[in-house]
Structures are given as structure tokens and as C-alpha cells.
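Enquirer:
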Amino acid sequence: MLTSASTHEVLNQAPPIVPYNVFEADLALREALEREGGAWGVDRLRDTGELAGSPEALAHSERAERNEPILRTHDRYGNRIDRVELDPSWHWSLRQAIEREMHSLPWRDPQPGAHVVRAALFVVWSQVGSGVMCPVSMTYSAIPALRESPELAEEWEPRLTRPSYADGALAGMAMTEKQGGSDVRANTTRAEPLGDGTYEITGHKWFCSYPPCDVFLTLAQAPGGLSCFLFEGRDPGFRIQRLKDKLGTRSLPSSEVEFQAVRGRLIGGEGRGVATIIRMVNHTRLDCLLGSTASMRWGLAQAVHHTRHRSAFDKLLAEQPAMQNVLADLAVESEAATTAAFRIARAYDEQDAPFRRFATAVMKYWVCKRAAPHAAEALECLGGNGYVEESGMPRLLRDSPLNSIWEGSGNVAALDVLRATVKEPEGLPAFLAECELARGGNQLLDAHLDRLLAATAPAEPQFEARRLVEGLALALQASLLVRHAPPVVADAFCAGRLGDGGRAFGTLPSSVDAPAIVERALAA
Ligand SMILES: Cc1cc2nc3c(=O)[nH]c(=O)nc-3n(C[C@H](O)[C@H](O)[C@H](O)COP(=O)(O)OP(=O)(O)OC[C@H]3O[C@@H](n4cnc5c(N)ncnc54)[C@H](O)[C@@H]3O)c2cc1C
Numbered sequence: 000m001l002t003s004a005s006t007h008e009v010l011n012q013a014p015p016i017v018p019y020n021v022f023e024a025d026l027a028l029r030e031a032l033e034r035e036g037g038a039w040g041v042d043r044l045r046d047t048g049e050l051a052g053s054p055e056a057l058a059h060s061e062r063a064e065r066n067e068p069i070l071r072t073h074d075r076y077g078n079r080i081d082r083v084e085l086d087p088s089w090h091w092s093l094r095q096a097i098e099r100e101m102h103s104l105p106w107r108d109p110q111p112g113a114h115v116v117r118a119a120l121f122v123v124w125s126q127v128g129s130g131v132m133c134p135v136s137m138t139y140s141a142i143p144a145l146r147e148s149p150e151l152a153e154e155w156e157p158r159l160t161r162p163s164y165a166d167g168a169l170a171g172m173a174m175t176e177k178q179g180g181s182d183v184r185a186n187t188t189r190a191e192p193l194g195d196g197t198y199e200i201t202g203h204k205w206f207c208s209y210p211p212c213d214v215f216l217t218l219a220q221a222p223g224g225l226s227c228f229l230f231e232g233r234d235p236g237f238r239i240q241r242l243k244d245k246l247g248t249r250s251l252p253s254s255e256v257e258f259q260a261v262r263g264r265l266i267g268g269e270g271r272g273v274a275t276i277i278r279m280v281n282h283t284r285l286d287c288l289l290g291s292t293a294s295m296r297w298g299l300a301q302a303v304h305h306t307r308h309r310s311a312f313d314k315l316l317a318e319q320p321a322m323q324n325v326l327a328d329l330a331v332e333s334e335a336a337t338t339a340a341f342r343i344a345r346a347y348d349e350q351d352a353p354f355r356r357f358a359t360a361v362m363k364y365w366v367c368k369r370a371a372p373h374a375a376e377a378l379e380c381l382g383g384n385g386y387v388e389e390s391g392m393p394r395l396l397r398d399s400p401l402n403s404i405w406e407g408s409g410n411v412a413a414l415d416v417l418r419a420t421v422k423e424p425e426g427l428p429a430f431l432a433e434c435e436l437a438r439g440g441n442q443l444l445d446a447h448l449d450r451l452l453a454a455t456a457p458a459e460p461q462f463e464a465r466r467l468v469e470g471l472a473l474a475l476q477a478s479l480l481v482r483h484a485p486p487v488v489a490d491a492f493c494a495g496r497l498g499d500g501g502r503a504f505g506t507l508p509s510s511v512d513a514p515a516i517v518e519r520a521l522a523a
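Oh and the sequence shown: position 237 is 236 in numbering that gives the first Met the number 0, straight run, nothing missing.
#1: Which class does Pro54 belong to by DSSP, given the choice of helix, strand or coil?
#2: Does the contact criterion of 3 or more C-beta pairs under 8 Å hold for the segment 97-104 versus the segment 252-269?
#3: Going by alpha carbons, who is nearest to Leu427 out of Arg356, Ala302, Arg496, Arg450?
#4: Taking C-beta to C-beta, are Leu299 and Thr306 nearer than 8 Å?
#5: Quick test of your reading: Ala352 and Gly263, contact by CB under 8 Å. State the CB separation rounded to the nearest angstrom.
#6: Drop a sphere of 10 angstroms on the beta-carbon of Ile69, count the other beta-carbons inside from all chains shown, and report buried for 16 or more, exposed for fewer.
#7: Could you check what DSSP says for Val261 in three-state terms: helix, strand or coil?
#8: Would you say the beta carbon of Lys245 is closer than 7 Å to some non-hydrogen atom of ligand 1?
#9: Measuring CB to CB, does Ala113 end up less than 8 Å from Thr201?
#10: Measure how close the beta-carbons of Asp74 and Thr248 come, nearest whole angstrom, since I'm counting them as under 8 Å.
#11: To the nearest angstrom, how far is the alpha carbon of Phe35 from that of Thr338?
#12: Going by alpha carbons, who is nearest to Asn11 out of Gln301, Ala311, Trp205, Glu84?
#13: Note down the Cα distance separating Ala336 from Val122, rounded to an integer number of angstroms.
#14: Should Ala513 and Asn324 be called a contact, given that it needs their Cβ atoms to be closer than 8 Å?
#15: Would you check if there are 3 or more beta carbon pairs closer than 8 Å linking the segment 374-390 to the segment 229-243?
#16: I'd like to confirm something about Trp405: is its beta-carbon nearer than 7 Å to some heavy atom of ligand 1, or not?
#17: Pick out whichever of Ser129, Glu61, Glu469, Leu381 has its Cα sitting closest to the Cα of Thr292.
#18: The beta strand (DSSP E) that contains Tyr198, what's its start and end?
#19: Is the beta carbon of Asn402 within less than 7 Å of some heavy atom of ligand 1?
#20: Using CA coordinates, which residue listed in Ala63, Lys368, Val17 is at the minimum distance from Leu50?
#21: Please state if the CB of Ser333 and the CB of Arg296 are separated by a distance shorter than 8 Å.
#22: When you compare the CB positions of Leu525 and Cys207, do they come within less than 8 Å of one another, or not?
#23: Helix, strand or coil for Leu316? Go by DSSP, reduced to three states.
#24: With DSSP run on the structure shown, which of helix, strand or coil describes Arg271?
#25: Please report the Cβ distance between Leu216 and Ile276, rounded to the nearest whole angstrom; I am assuming they are in contact, meaning their Cβ atoms lie under 8 Å.
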């Protein structure tokens, strides 16, 4: 009971959003799953969505983030042990992902829609924490590269795809060196053939996420040129030098490692290192796109929920027109990311190589680049509460730039698209043909497509690379929304991104139906 001395009556604070079903609440995701061939996965997604939005998952997520990994390089007697200590909550989250086949579904059960269902599971579980999704993604992505060597695939694929945390195996990737990450041709790590089919690998890697993995794919200079190798994490020559003190994904141990005569086995031919590991990279890029899609969705849900429960100036924030514009703008960005990500995931099911390769590169660039400003704006919707760790929003913001750096930083990703227009000439036409399917559905999109067709061969290609890729990305997002989303969403996206919308979020023109967009984003 309140007394006159009471000072601590809590008013006008939003209740926790949990429990809520992360999948059920996301209409754009549910529709994308069904549209792109993953309807058979609805039950497992509902189940995963319920767990992802439970107080239990939230508690594990917060605890894993709080209790950061610790590297123990030596035992008490001075022997090297190179062991990373992880909080039990980290293991809980990773175990759930593995047991739910987020690392393996399309390889174990390659039925139509398997990549799409896995993509949806990835988006849902990323919202518990993005850190554990790194080993999940690398293990999933290693399989296409591993299959370049049937003997190694036969040995390792059964373990890498097993949905068992205790008996399965995890794969990592170690490419980046001190002197160059984007330019892997500058790698100095050497691989000397031992004559028995194996190689002795000596050198270092400047970034190696999740060093507890069972196997790693790495690049090293062999006599025939830069080559891809598999080695085992338990190799006595594998040294973890230190863990990175990072901006975000702090629950994930990322490390610097050295190889002291590590025993490696060749995947693909000597000199084919980039061509082999790119098969892995193409899949991790899809996951970067999915991870950033999840980041936007999580931030949006928090922003809408908070503003529906907090009043200022005699009205709920969510009913204030300026806030409605911000929320609607965040919502259309999130839906555009989701819609494009799942169309691309379907291309992995359909082995639609030209569209898949080109669209992955374009959307990896754009969606990952949008994640950080989206997170910053979602955070601001919570005001000062959003700046405080307990809200989870600072963590969202810290984690949000990573996907844009990893697996091809912004410029490199944009230049890769440029390169693909020349080296893989079927990619751009396949991409534009997909965009053209929406022609006639929105005048702004039609005009954008006309401009794009006139601009695909810029005078200063590298200088204009980002501009070109941004134009392509917006075309695909707009065209998919025009074809599949309710007109309120598609029209708002086209008006805001292809019309005379502003630079910041919250600058949609007054013609849009913001309340309808926000209601679709998260049912009240
Ligand atoms: C948290 C985290 C985890 C990571 N985990 C791993 C891992 O597990 N395994 C692994 O191998 N790597 C990992 N990385 C490394 C990551 O892949 C590299 O940092 C990334 O590829 C960029 O390489 P770099 O850091 O050497 O930057 P650089 O190559 O030096 O690039 C610096 C900047 O220059 C730009 N740039 C590069 N080339 C050009 C060009 N030709 N024209 C214009 N601009 C250009 C880039 O876009 C970038 O913005 C991780 C990184 C982070 C942050």
C-alpha cells in the first residue's frame, strides 16, 4: 500500500515483452516461409519461436553475454592447454540450435524448402543471441566446401550434420591474417606436403571465431599456390594466442591463433583455395543476411512493444504521429529484409545458381549495412531506457555492424557484385528478371528500374560500386514487396526509398498508412 512516504511507485514503464512467440508474432516471416516453400516447417518454427521468446531463453541469453568466455592457455603445471571456458548458458543456446538442426537441416534432409526452413529457424534463434549463430553458420556452410573432397566429406559430414551437441562436431573458418583479410592472396601461412597426402601448416590467423570447433577450414600457400585445408582443433600445433576484446558478440570467443606444424588435409586442388572456400563463404554470406534480418526484427519488436506501453504528452508514444512514422519506417525496412532474404534462401533450395550468387552478394551488402542504423533508431524509441544494458538494446547496437564487416566488408561486398557482373554474366540478367516481375505494380518502382537499367555500366565502376549495388538492392526489395506484401507496406517502402523520402528513419511521406503497417509488424 502506498503511504505518503512512498517514493517508488512505478508508473508508465513498459512490461517485459516475454513471453511471446518470436515466430508467431512475425507475420512477414510466417508469410515468407510459406511462400518460399517452407510451409512444412511451421510446427517446428512455432515450437522454436515459443522457446526463443520465453523467460528461460532470455535468462540464458543475458547470462551468456554477462559471463564472457575466458581463455586458459596453460594448466597449473605450465603445460599448454589452450582451452576456452564458456558459460553453461552459452552451451544451452548452442545445444538448442544444434538439436533443432539449424546447422544441418538441408544437408540431412534435402527436401524442397529445407534451406528456407533452416533460414527461418536461424532468424528466430538469432533473436536469442547472435553469438552462438556464428559456429552454427560456419558448420552449415562448411559442408559445400567439404564436398569438394569426397573422402573428407565421407569422414566428417556425418558428425558435422548430426543434431547432437554431445556427439556431433562443429566447423570453423580461419582465413584472415594480420596483413590482410579482404585480400587473402596476401596470406603468408605455408603448407608443406609431407608425402603421405597430408601437409604441415605453419603460420597464423588474426581472426578465428570459435576456436573450440572440432575442425577448421583454412587457407595456406602450398607449392601449387593458395589452397584450402582442413585441420582438427585438437591438433597439438594449434595455439590460441588470445581472445579478441570486441565491440559486440561478446559471448562468442573470437581469437588469434597460430599453427605450429599443424597437420592439414587438402580440400579441392592445390592453388584452388579461394575457389574452394568461396563455396563456404557464399553460405555464410546468406547467414549474414539472415542475421541482420533477425537483428532488425528484434529491434522493431522491442520498439513497437515499448511505445505501446509508454505515454508522453498525454498519449501513448505509439499513437504520436512522429513516432508512428518512425515505427512504420523501421517496420517496412524489416519486412523488406525478410522478404528478400527468404526469396534468396529459396534459390539455395532450387540450385538457382546465377540468381542465388548475385542476389546473395547484393543483399548481403545492403541488409547488413542497414542493420546498424536500424538498431540505433529502434534503441532511440525506448528513450533513455534503450541506452541502458538491461533493455538489450545496447547489445543489439553493438552486435549490429558485425555482419557488414564479416565475409566481405561493405566495399569488398559491393566490388564483388561489380566483379560478378563481368565474371558471371548470367547473374545480373537473372537478378533484373526477378525485379521485372513486379513491373506495372508501382510507378516509383518502374521509374527506378528504368534508371537502373541505364546505370548498370557506370563510368567509374569502383567509385560508384556502392551506389550501383544499393540501387539493385532497393529494386529487389521493392519488387518483392510489390508482389507479395500488402499494398500499405509496398507503397510505403517505394515512397520512402524510391520516392522523395528523407535520409533518417521516420521520414515516410504523409500518404502512408502508418498505423496499419505497425499493426502488421506486431499485433497489439
Ligand atoms: C567478430 C569478428 C569475427 C571474425 N571471425 C572470423 C573468422 O572466424 N575467420 C576469419 O577468417 N575471419 C574472421 N573475421 C575477420 C573478417 O572476416 C575480416 O575482418 C574482414 O574480412 C575484413 O578484413 P580485414 O579486417 O583484414 O580488413 P581489410 O581487408 O584491411 O579492409 C579494411 C577496409 O578496407 C576496405 N577495402 C578492402 N579492400 C578494398 C578495395 N579494394 N577497395 C576499397 N575498399 C577496400 C574493406 O571493405 C574495409 O572496410 C572476423 C571479424 C570479426 C570482426
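Just so you know, even glycine gets a beta-carbon here, dropped at the ideal spot from N, CA and C.
Note that this is a predicted model, so its numbers are computed, not measured.
Expert: On the basis of the coordinates in this document:
#1: DSSP places Pro54 within a helical segment (H, G or I) once states are collapsed to three.
#2: Touching, no, given that fewer than three Cβ pairs across the two stretches are closer than 8 Å.
#3: Of Arg356, Ala302, Arg496, Arg450, the residue nearest in Cα terms is Arg356.
#4: Taking 8 Å as the Cβ cut-off, Leu299 and Thr306 do not qualify as a contacting pair.
#5: Here Ala352 is actually not in contact with Gly263; their C-beta atoms are around 29 Å apart, not less than 8 Å.
#6: Of the other Cβ atoms in all chains shown, fewer than 16 fall within 10 Å of the Cβ of Ile69; this residue is therefore exposed.
#7: Val261 sits in a strand when the DSSP states are folded into three classes.
#8: Yes; taking the cut-off as 7 Å, the Cβ of Lys245 has a heavy atom of ligand 1 nearer than that.
#9: In this structure, Thr201 does not lie closer than 8 Å to Ala113 by Cβ.
#10: In fact, because the Cβ distance is near 28 Å, the residues do not count as touching under 8 Å.
#11: Residue identity differs from the one stated: residue 35 is Glu in this sequence, not Phe. Their backbone Cα atoms lie some 10 Å apart in a straight line.
#12: The closest CA to that of Asn11, considering only Gln301, Ala311, Trp205, Glu84, is found on Ala311.
#13: Looking at the two C-alpha atoms, the distance is approximately 11 Å.
#14: Yes, the pair counts as a contact, with Cβ atoms nearer than the cut-off.
#15: Contact between the segment 374-390 and the segment 229-243 is absent, because fewer than three Cβ pairs lie under 8 Å.
#16: Checking every heavy atom of ligand 1 against the Cβ of Trp405, one is found closer than 7 Å.
#17: When each option's Cα is compared against that of Thr292, the closest is Ser129.
#18: Going by DSSP, Tyr198 is part of the beta strand (DSSP E) stretching over 197-208.
#19: Incorrect: Asn402 has no Cβ contact closer than 7 Å to ligand 1.
#20: Nearest C-alpha to Leu50: Val17.
#21: Yes, these two residues count as a Cβ contact at 8 Å.
#22: For the chain, the structure presents residues 0 to 523; residue 525 sits outside this window and is missing.
#23: The three-state reading of DSSP puts Leu316 in helix, counting H, G and I together.
#24: Annotated three-state conformation of Arg271 is coil, per DSSP.
#25: Contact between Leu216 and Ile276 holds, since their C-beta atoms are separated by about 6 Å, short of 8 Å.
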